[in-house]
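**Q**
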Amino acid sequence: MWKGVFPAVTTKFKEDGALDHAEMERCFALQFEADVDGMIVCGSLGENMTLDPDEKIEILRIAKSVSRGKPVLMTICESATRRGKAAAVAAAKAGADGFMVLPGVPYKSAPAETINHIRAVAVAGERPVMVYNNPVGYGVDVTIPMFEELAKDDLVVAMKESTDDIRRVTEVFNAFGNRFDVFTGVDNLALESLMMGADGWVAGLVVAFPKETVAIYKLAKAGRYEEARAIYRWFRPLLDLDVSTFLVQQIKLAEVFAIGSNDRVREPRLPLSGEHRARVTKIIETALANRPALPAL
């Protein structure tokens with residue numbers, strides 16, 4: 042149902058902290074101009090937990106307005122299932138094509154609780170669901186036996202595989218065949234996952250480097266692994282910026298240099314400063330100075 046590159050986009054703010062609608066429209070449009078296959082709004086990279094419910098709907102509508110008919114998924118990240126259900130209903134009414142659903146973080150739910158939460162959100166919103174499985178970040182692993190239960194629900198169609206274990210992709214296909222669309226969710230394991238058969242890539246650095254991200258995906262799917270690997274090796278220092286407590290600030294700083302955006306964040310996050318900012322800036326500038334020519338796709 043869903044395949045390809047799905048950017049998990051950042052949320053753009055004005056200097057006073059309000060949503061920057063015009064900048065999000067510009068940045069989101071750049072993604073679709075680069076031929077991404079869908080978009081996910083209000084995720085971890087989108088600073089979900091700092092956004093008000095009505096702001097999330099505004100961001101969804103901006104993405105839909107430039108999506109060229111491609112799917113836009115709303116992230117449902119709520120600590121209470123009742124709020125998750127309400128968020129899904131509101132997003133569905135606003136035009137969401139589906140949801141990326143997290144367990145009820147920060148509570149570390151038991152398997153039955155996690156399954157119940159995901160099912161309840163899917164049923165309430167009546168849209169297809171991608172399960173965001175990130176035990177490294179959120180402390181809950183949606184395991185193979187748990188997906189066996191979720192496979193009984195037609196609305197659960199995909200998974201964002203962020204266990205940081207490359208073996209999991211093969212384990213999923215061995216257990217379920219093509220029942221689920223499998224997306225890699227760790228930027229610096231993306232090519233490895235695609236080579237193991239992953240259907241798509243929920244990407245972070247794509248917001249600053251959309252053409253390179255799309256090229257890696259398309260080359261890998263065409264079996265042109267040497268060409269994909271050459272771009273990926275160049276990309277790797279940037280992709281490592283996604284695997285950090287500071288992923289939001291680091292990726293937004295990449296947007297500053299690569300697409301002329303800004304790196305404003307909402308507190309408690311603060312923009313990078315000092316040695317940390319200088320170190321990340323050097324990584325970005327080095328990559329831009331050595332940006333590869335992309336092959337015909």
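So the mapping is simple: this note's numbering equals the position in the sequence shown, first residue as 1, plus 41.
Virtual Cβ for every residue (Gly too), placed ideally from N, Cα, C.
1. Measure the beta-carbon distance from leucine 279 to alanine 256 and round it to whole angstroms, keeping in mind my assumption that it falls under 8 Å.
2. What are the start and end residues of the alpha helix (DSSP H) that includes methionine 236?
3. How big is the Cα-Cα spacing for phenylalanine 47 and glycine 241?
4. Pull up the distance between the alpha-carbon of valine 284 and that of tyrosine 173, whole angstroms please.
5. Applying the criterion that 16 or more other CB atoms from any shown protein chain within 10 Å of the CB defines a buried residue, is aspartate 138 buried or exposed?
6. Tell me the residue span of the alpha helix (DSSP H) that contains tyrosine 342.
7. To the nearest angstrom, how far is the alpha carbon of glutamate 96 from that of serine 108?
8. Does methionine 90 come out as helix, strand or coil in the three-state DSSP assignment?
9. Measure how close the beta-carbons of lysine 201 and valine 181 come, nearest whole angstrom, since I'm counting them as under 8 Å.
10. So, with DSSP's three-state summary, where would you put phenylalanine 54?
11. Assuming alanine 75 and lysine 252 form a contact by the criterion Cβ under 8 Å, report the distance between their Cβ atoms to the nearest whole angstrom.
12. Let me confirm a value: aspartate 228 is counted as buried when at least 16 other C-beta atoms fall within 10 Å, else exposed. Which label applies?
13. So proline 169 is in the beta strand (DSSP E); what residue range does that whole segment cover?
14. I'd like the list of long-range same chain contacts for valine 177, defined as Cβ closer than 6 Å, with 5 residues on each side in sequence excluded.
15. Buried or exposed: aspartate 61, going by 16 or more other Cβ atoms within 10 Å of its Cβ?
16. Based on DSSP bridge pairs, tell me the residues matched to methionine 80.
17. Could you compute how far the alpha carbon of alanine 216 sits from the alpha carbon of alanine 239?
18. Within the chosen definition, does the stretch 105-125 reach the stretch 84-93 through at least 3 CB pairs nearer than 8 Å?
19. Give the C-beta separation of leucine 20 and alanine 271 to the nearest angstrom, bearing in mind that I take them to be a contact with Cβ-Cβ under 8 Å.
20. Let's test the definition: count the other Cβ atoms within 10 Å of the Cβ of methionine 90 and tell me whether it reaches 16, buried, or not, exposed.
21. Can you tell me the Cα-Cα spacing of leucine 196 and alanine 263, whole angstroms?
22. Do lysine 53 and serine 302 have their C-beta atoms closer together than 8 Å?
23. Taking all protein chains shown into account, do 16 or more other C-beta atoms lie within 10 angstroms of the C-beta of proline 309, making it buried, or fewer, making it exposed?
24. Check the DSSP bridge columns for lysine 97 and list the partner residues they point to.
25. In the DSSP output, which residue or residues are listed as bridge partners for valine 197?
26. For leucine 101 versus alanine 135, is the C-beta spacing smaller than 8 Å?
27. Skipping 5 residues on each side, what residues in its chain have a beta carbon closer than 6 Å to that of methionine 141?
28. According to DSSP, simplified to helix, strand and coil, what is leucine 60?
29. Quick test of your reading: leucine 282 and valine 306, contact by CB under 8 Å. State the CB separation rounded to the nearest angstrom.
30. Under 8 Å Cβ to Cβ from isoleucine 292, same chain only, skipping five residues before and after it: list those, please.
31. Could you tell me the alpha carbon to alpha carbon distance between arginine 160 and aspartate 222, rounded to whole angstroms?
**A** Taking the geometry as given:
1. In fact, because the Cβ distance is near 14 Å, the residues do not count as touching under 8 Å.
2. For methionine 236, the enclosing alpha helix (DSSP H) covers residues 231-236.
3. Annotation: phenylalanine 47 to glycine 241 spans about 7 Å, alpha carbon to alpha carbon.
4. One C-alpha to the other measures close to 16 Å.
5. That one is buried.
6. Outside the shown range of the chain (42 to 338) lies residue 342, about which nothing can therefore be said.
7. Straight-line Cα distance between these residues: approximately 18 Å.
8. In this structure, methionine 90 counts as helix in the three-state DSSP scheme.
9. That pair is no contact at about 13 Å.
10. Strand.
11. Confirmed, Cβ separation roughly 5 Å.
12. Counting Cβ neighbours within 10 Å, aspartate 228 comes out buried, since at least 16 surround it.
13. That residue, proline 169, is in no beta strand (DSSP E); it is neither H nor E in DSSP.
14. Take valine 177, set aside five residues on each side of it, and the residues of its chain with a beta-carbon closer than 6 Å to its own are Asp205, in chain order.
15. By the neighbour-count definition (other C-beta atoms within 10 Å, threshold 16), aspartate 61 is a buried residue.
16. Assignment of beta-bridge partners to methionine 80 by DSSP yields Val113.
17. If you draw a straight line from the Cα of alanine 216 to the Cα of alanine 239, it is about 14 Å long.
18. Because the criterion of three Cβ pairs below 8 Å is met, the stretch 105-125 and the stretch 84-93 touch.
19. In the structure as shown, the chain begins at 42 and stops at 338. Residue 20 is therefore absent and cannot be evaluated.
20. By the neighbour-count rule (16 or more Cβ atoms within 10 Å), methionine 90 is not buried but exposed.
21. It is roughly 29 Å from the alpha-carbon of leucine 196 to the alpha-carbon of alanine 263.
22. Contact: yes.
23. Classified as exposed, proline 309 has fewer than 16 neighbouring CB atoms from the shown chains inside 10 Å of its CB.
24. Looking at the DSSP output, lysine 97 shares a beta bridge with no other residue.
25. When beta bridges are read from the DSSP output, valine 197 appears opposite Val170.
26. Contact flag set, yes.
27. So the list reads Ile81, Leu114, Thr116, Met171 and Tyr173, once near-sequence residues are dropped.
28. In this structure, leucine 60 counts as strand in the three-state DSSP scheme.
29. Actually they are not in contact, since the Cβ atoms of leucine 282 and valine 306 sit about 14 Å apart, beyond 8 Å.
30. Listed in chain order, the non-local C-beta contacts of isoleucine 292 below 8 Å within the same chain comprise Thr51, Leu86, Gly245, Leu246, Val248, Ala249, Leu282 and Asp283, local neighbours out to five positions each way being set aside.
31. If I take the Cα positions, the gap works out to 17 Å.
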